[in-house]
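Chains as they are written, first to last, in our numbering: chain A, 13 to 127; chain L, 630 to 1466.
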Ligand code: SRM
Ligand SMILES: Cc1cc2nc3c(=O)[nH]c(=O)nc-3n(C[C@H](O)[C@H](O)[C@H](O)COP(=O)(O)OP(=O)(O)OC[C@H]3O[C@@H](n4cnc5c(N)ncnc54)[C@H](O)[C@@H]3O)c2cc1C
Ligand code: SF4
Ligand code: FES
C-alpha cells in the first residue's frame, strides 16, 4: 500500500464551521471540508457537485440517513455519502473523498483521494 | 434464423403503446414503424391542452431517444402507400419498399367529413392532429363567430377550444335531438344544454346542415329548415372514420361501414396482418376510446410472444370534464323500465343530473349517467362492473348517505374485489395497486405511477388510486401521521408547539430534546423556519446558519453558476429617485445585472459571495434593508398608485401597502407569502392572486385570502368586506398566525386552505368570530414578532463572526470563486449555461 504523503494544511480547527462545510483552495482544485461536530468526525470531498458541475457542496447541509453521514447539494438537493462519496439520491456519479487529520489544532487534508 | 420483422403502420397512441408493450416482453423482433404525421406519437386524448399552454413536446408519449434505445426503427412523415401481400412488402411515400413477416395496422381514424356542399371552403376544419390545431388557432385570430358540427364528445371539446381561443360567439350544431347521443339521455342532455348555455355556447339540436355558404371562404351555414346562421369558421366533428383505405386496397377484409375486420386475436382476414386501435372493427364495432385500443395492443403483443390473450369487447364507460362540467356514463346507460328500476336525482339549480339503472331485484347496478357531479363515477363503475351487491337503499349511491359521515368513496373501495379494474387504460387492478403499496415499494402516487403505470393514461382513475393507496397504508398501520423525516417523529404542527413549550432556541437544542441522530436537509430548514417564526431572532446566530437552506444561510438566493442575488425591500413598490440612483451605482460598481422583478422591485444578479457584505453595507447606508427574497416569509406587498394620483382611486392604496409591508416584513412562515393592495375594483395590483389581498371599496377595504400565482394559480377568496384599516390589519394578524402555526412545511396559503376541512367558511369563523378562542393569543404573538424585527443584513454586516462566513475559500478569504463565469447579453452580463446537459 502506498503511504499518504501529501498533506495540505487547510485551516485551523476554529476556522472550520461546526456541523457545516468550508471550501479549501488547493491550487486549481476546490475541496469541501466538513466538521461534523455532532459525530466528532471530519470529512473532505470534492467541492464540485457532479449533477450540474456546481462548486457548491461545501455550502450544503450535512446530516445522516440511517447513520450514513451525507451532504446535500444546495442546488437540487442531491445527497452524497461523506464517507464513501456515493450518490444517495438518483444516479449521479460518486464524488471524490479525501482523508483528514488534525495535528496541533491544524486541519490537514490528504490530497490523494481515497479510492 | 433471421429475426422476424414486424412493420407497424401508424405511429399514433395505440401504435406506440404496442411497441412499448412488445419491447417490455421481448427484444427478439425487428420492429419498423411508419408514421404519416411529422412527429412522434403524442397524447391525442389531451390534445386540447395544446391550446392551454402544453407544447407538442409535453404531449409526446416518448422521449426523443426512446425508439433508438428500444432498437425500433421509426420513420416519420413517411406514410405507407401500398401493400403487396403476396411478397409481403410495403411501399412508402418516398418510394422505398420494406419486407415484413408480420404487418400491424395502427392507422387509427380520421374525422368523418359529411358530404355537405361547400365543405371545401376556407375556414372549415377538423379536430384530430396538432397540425389541425395550429390551423384552427391561426384562423381563429381573424374570426368572431364559429360553429361546430357535431354535439358529441369531441364536438363539445372543440367548442370549448374555440371559446378558449377567444371566439366571441360559438355554437354547436347537432343533428340528433340531444347532445352526446351515445352517452347520455334526453334529460341529461337538457341539463347539459342549459349549463353550456350559461357559459355562452349556443346549442342547436335537430339541425341538418344543407350547405356551407361563402365565396371561397365560409360565411354562413344553411339548414334543412331554411334557417341560416352566419359564421366565420367551422369545425367538423361529426364522428370518426376508420383509416382502412390501405387495407381495402390490398384486399384485406373491411366492414361495410368501414373498419378493418379482426378476430379476438386482432388478426385480419390475412393471417400475417393484424389491426389494432381505432382502425380495427371487432364484432361490428369501432372502439373510439383509448382504453380499448391499449387493450388491443396488449392482446397482440402477448400473443406474438406466445402468450394467450383474447379481446372480447370493452366497456365504453366514460367520464369527462367538459368546459368544467362533469359528464359520465357507464355500463348499460340507456336501459329503461320495465327492464330495470331507474333512480333519478335532479337539481336544476345546481345543474346536477344523476341516473342509475338498478336490476329489478334491486341487487345490482346496471349502468347510469352523471351530469354536473361525477365524483361517484369510479365507485359506481366498479360497483357495476364487479356486480357488487347493492345496499338496501341504492339511492344513497347518488345522494350520499344522509347523516352518515362516510364519504361516497371511502366505504366503497373496501368492498371491491382484488380483480376490479381500476385503471382501464393500463389494465391495472385493485390487487396490483394494493400489493405494490403493501410490499412497501410505493408510498406515494409518483412511485405508484412508476411501478404500476396506474393513472398514466387518461388520469381519470387517479382519485381512486389515491384512495386505495391511503386505505392500504392505513390498514397496515403505516399512514399514521405526517412525520417530518427519520429524525423527528412529529408533524410540523406538533413540533411547533413542542419547541414553543420547551422554549428551544437553536437547531441543536431541538434535535437533542426532540429528535435523534444527526438531522438532515429536510428537518434542518424546517426547524430553522419554526425557530424563526417563534422567536424572530437573527437566523444566523448560534450556529443556526448551517441548519438553514443555502438561500437563508447566505441571505441571498443562490443562482445557476454559484453567484447570488441582491434584492432590497421596496415597500409597496414606491421608490425615490435618489434610491434608484443608489441601486444603479451599486450595480455598476459590483458589476451586477439588474432587472425589474415581477414583485415591483429591483433585483441585482450575479454577486460573488465575497461581495455580498460590502454591497449590503452600501445599500443599508443609503436606507435600504433586506428584501427577504431568499426567505420563507413576506416577499412583496404590491400596490397600485391609488387615490393619490388615479382618477378612479377610492383610497390611498400605496400608503396602506407600505404600512402592511413594514408590519409583516421579516416574519418567517411555512412558505413565502405575498400581498397586494388595489385602490379600486379595477384591481391593478392583482390583489386577488395573493396570499392576502386588499381592495378598496367605497366604505373601506375588502380582504381576500389564500390566492396564489405560481404553478397552480388560484384566486383568493373574499374573507370580509368594507373593513376599516385597523380591523383589516387585525384580521390579517390572526390569519397569518393561524397559517404559521398550522400549515405543513412548504405549503402556501392556497394549498393550506384547500386541505382545510370546512374551507373558507371555517376559516372565516376562526378569523372573524374567533371560534377557536385563539385570536387574543395570536394578536399578542404577532405583536412580539413585529416588535423584534431587525434587518438581518444589517446584523450580518455588523457582526464580524457572521460576516467572516461570506467568503468562498477558508484558506484564501480574499479570493473569489474562479469557476463562476458570465457572458454578455444586451449590454449586461448573464450567467453562463450549466456545464452539463
Ligand atoms: C426575481 C423573480 C422573477 C423576476 O425576475 O421577476 C423571481 C425569482 C425567483 N422565484 Fe418567483 N420570482 C419573482 C416573482 C414571482 C411571482 C410574481 C409575484 O410575486 O407577483 C410569482 C407568482 C406569485 C405567487 O408566488 O403566488 C412567483 C412564483 C414563484 C414560485 C411558485 C410559488 C408557488 O406557490 O407555486 C417559486 C417556487 C417556490 O417558491 O417554491 C418561485 C421561486 C423563485 C426563485 C426563488 C427560484 C430559486 O429558488 O432560485 C427565483 C429566485 C431568483 C433569484 O436568484 O433571486 N417563484 N415568483 C421575482 C421576484 C419578485 C420579488 O421582487 O421578490
Ligand atoms: C380531440 C380528441 C379528444 C379525445 N378524447 C378522448 C378521451 O377523452 N378519452 C378517450 O378514451 N379517447 C379520446 N379520444 C380518442 C383517442 O385519441 C383515440 O382513441 C386514440 O388516439 C386512438 O389511437 P390510434 O393509435 O388507434 O389512432 P391515432 O392516435 O389516430 O393514430 C393513428 C396514426 O396512424 C397514422 N396513419 C394513418 N394511416 C397511415 C399510413 N398509411 N401510414 C403511416 N401512418 C398512418 C395517422 O396519421 C396517425 O398518426 C380523443 C380524440 C381526439 C381527437
Ligand atoms: S419563473 Fe422560474 S425561471 Fe423564472 S424566475 Fe421564477 S423560478 Fe426562476
Ligand atoms: S448541481 Fe448539485 S444537485 Fe444539482
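Cβ atoms here follow ideal geometry from the backbone N, Cα and C, with glycine treated the same way.
Under 9 Å from the C-beta of residue i: neighbouring residues of chain A
i: residue 963 of chain L; result: The premise fails here: residue 963 of chain L is roughly 52 Å from chain A at the closest Cβ pair, so nothing lies under 9 Å.
i: residue 1452 of chain L; result: Correct list: empty, because the minimum Cβ distance to chain A is about 16 Å.
Spatial distance of residue i from residue j (CA atoms)
i: residue 15 of chain A; j: residue 58 of chain A; result: Note on residue 15 of chain A: pLDDT 46, under 50, position unreliable in the model; the coordinate value appears next. Distance between the alpha carbons of residue 15 of chain A and residue 58 of chain A: 21 Å.
i: residue 939 of chain L; j: residue 1117 of chain L; result: 52 Å
i: residue 1040 of chain L; j: residue 988 of chain L; result: Here residue 1040 of chain L scores only 42 on pLDDT, less than 50, and its place in the model is too uncertain to base an answer on.
i: residue 862 of chain L; j: residue 847 of chain L; result: 6 Å
i: residue 1164 of chain L; j: residue 1361 of chain L; result: 19 Å
i: residue 1343 of chain L; j: residue 1377 of chain L; result: 11 Å
i: residue 760 of chain L; j: residue 687 of chain L; result: 15 Å
i: residue 842 of chain L; j: residue 745 of chain L; result: 10 Å
i: residue 1267 of chain L; j: residue 953 of chain L; result: 31 Å
i: residue 585 of chain L; j: residue 1348 of chain L; result: This structure cannot speak to residue 585 of chain L, because chain L is shown only from 630 to 1466.
i: residue 986 of chain L; j: residue 944 of chain L; result: 16 Å
i: residue 765 of chain L; j: residue 754 of chain L; result: 7 Å
i: residue 1066 of chain L; j: residue 98 of chain A; result: 28 Å
i: residue 696 of chain L; j: residue 660 of chain L; result: 10 Å
i: residue 123 of chain A; j: residue 44 of chain A; result: 12 Å
i: residue 1424 of chain L; j: residue 1341 of chain L; result: 36 Å
i: residue 25 of chain A; j: residue 120 of chain A; result: 10 Å
i: residue 60 of chain A; j: residue 30 of chain A; result: 21 Å
i: residue 1460 of chain L; j: residue 1235 of chain L; result: 7 Å
i: residue 1055 of chain L; j: residue 919 of chain L; result: 10 Å
i: residue 129 of chain A; j: residue 729 of chain L; result: Residue 129 of chain A lies beyond the residue range present for chain A, which begins at 13 and ends at 127; the question has no answer from this structure.
i: residue 994 of chain L; j: residue 1140 of chain L; result: 56 Å
i: residue 906 of chain L; j: residue 916 of chain L; result: 7 Å
Chain-ordered neighbours of residue i on chain A, where CB pairs are closer than 7 Å
i: residue 1149 of chain L; result: 75, 76 and 77
i: residue 1448 of chain L; result: 67
i: residue 681 of chain L; result: The premise fails here: residue 681 of chain L is roughly 28 Å from chain A at the closest Cβ pair, so nothing lies under 7 Å.
Beta-carbon neighbours of residue i, restricted to chain L and to distances below 7 Å
i: residue 23 of chain A; result: 1439 and 1440
i: residue 27 of chain A; result: 1439
i: residue 35 of chain A; result: 1437, 1438 and 1439
i: residue 122 of chain A; result: Result: empty, since nearest Cβ-Cβ is about 16 Å, beyond 7 Å.
i: residue 86 of chain A; result: 1179 and 1187
Residue(s) in a DSSP beta bridge with residue i
i: residue 1438 of chain L; result: A:35
i: residue 73 of chain A; result: A:84
i: residue 833 of chain L; result: L:802
i: residue 91 of chain A; result: A:84
i: residue 60 of chain A; result: A:67
i: residue 986 of chain L; result: L:971 and L:996
i: residue 1381 of chain L; result: For residue 1381 of chain L, which the question treats as bridged, DSSP gives no partner whatsoever.
i: residue 1198 of chain L; result: According to DSSP, which records beta bridges pairwise, residue 1198 of chain L is partnered with nothing at all.
i: residue 733 of chain L; result: L:637 and L:903
i: residue 647 of chain L; result: Beta-bridge pairing links residue 647 of chain L to no other residue.
Chain L residues whose Cβ lies nearer than 8 Å to that of residue i
i: residue 30 of chain A; result: 1172 and 1175
i: residue 111 of chain A; result: Chain L residues near residue 111 of chain A: none, gap ~17 Å exceeds 8 Å.
Residue i: contacting residues in chain A (beta-carbon distance under 8 Å)
i: residue 1075 of chain L; result: Within chain A, no residue comes near residue 1075 of chain L; the closest Cβ sits about 14 Å away, beyond 8 Å.
i: residue 980 of chain L; result: In chain order: nothing, as chain A lies at least about 46 Å away.
Partners in chain C for residue i, counting only beta-carbon separations shorter than 8 Å
i: residue 1115 of chain L; result: Judged by its chain identifiers, the structure shown contains no chain C, and its protein chains are A and L.
Evaluate contact between the segment 1128-1139 of chain L and the segment 1160-1168 of chain L, counting only Cβ atoms and requiring at least three cross-stretch pairs below 8 Å.
Enough Cβ pairs lie closer than 8 Å, so yes.
For the segment 49-65 of chain A against the segment 105-117 of chain A, do three or more pairs of beta-carbon atoms, one drawn from each stretch, fall closer than 8 Å, so that the two count as touching?
Three or more Cβ pairs drawn from the segment 49-65 of chain A and the segment 105-117 of chain A lie within less than 8 Å of each other, which places the two stretches in contact.
Evaluate contact between the segment 776-794 of chain L and the segment 676-686 of chain L, counting only Cβ atoms and requiring at least three cross-stretch pairs below 8 Å.
yes
Around ligand 4, which residues pass a check of Cβ closer than 5 Å to any of its heavy atoms?
A:61, A:63, A:64, A:66, A:85, A:87, A:88 and A:90
If contact is defined by three or more beta carbon pairs under 8 Å, each pair taking one atom from either stretch, is the segment 1282-1297 of chain L in contact with the segment 1354-1361 of chain L?
They touch, by the three-pair rule.
Answer yes if the segment 970-988 of chain L comes into contact with the segment 807-823 of chain L, meaning at least three C-beta pairs across the two stretches below 8 Å, and no otherwise.
yes
Please confirm if the segment 1268-1285 of chain L is in contact with the segment 1247-1259 of chain L, defined as three or more CB-CB distances below 8 Å between the two stretches.
As far as the Cβ criterion goes, the segment 1268-1285 of chain L does not touch the segment 1247-1259 of chain L, which means the pair count is below three.
The segment 910-930 of chain L touching the segment 646-655 of chain L, judged by at least three CB pairs closer than 8 Å:
yes
So, do the segment 726-746 of chain L and the segment 857-873 of chain L have three or more beta carbon pairs nearer to each other than 8 Å?
yes
Taking 8 Å as the threshold, find out whether the segment 875-890 of chain L comes into contact with the segment 791-799 of chain L through three or more Cβ pairs.
no
Is the number of C-beta pairs between the segment 1075-1083 of chain L and the segment 1020-1030 of chain L that are closer than 8 Å three or more?
no
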